[in-house]
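Remarks on the structure that follows.
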Amino acid sequence: MELYGEVWDRALAEPSVTHADLNAKARLCLQDYLSHTFPFKDPAQNRAPDGLESMVITVLREVIKLCA
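For the sequence shown, UniProt numbering assigns the number 1 to the initial residue and increments by one for each residue that follows.
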């Protein structure tokens with residue numbers, strides 16, 4: 001977890017220079033967002049996403065796809 005925190009701090013501190021940088025940041029952000037928003041492995045235990053959550057997830061997935 002210490003390394004995860006260091007990666008997160010670096011991603012915040014250093015601006016993206018390439019599409020690969022932006023892709024990596026979007027993947028990191030999406031993974032973190034999903035794990036906190038929908039913490040249960042069983043989807044039935046997680047609540048349905050609201051409009052804002054759906055938009056955040058959609059935008060991050062589009063950024064990842066565009067920068068791949």
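We treat Cβ as the ideally placed atom computed from N, Cα and C, and that holds for glycine.
VAL56 - containing alpha helix (DSSP H), residue span: 51-66
Within 9 Å, strictly: CB atoms of LEU60 and ALA26: Cβ atoms of LEU60 and ALA26: closer than 9 Å.
- prompt: Closest by CA to CYS67, which one among VAL17, ASN46 and TYR33?
  reply: VAL17
query: When the distance is taken between beta carbons, is VAL7 closer than 9 Å to LEU28?
result: yes
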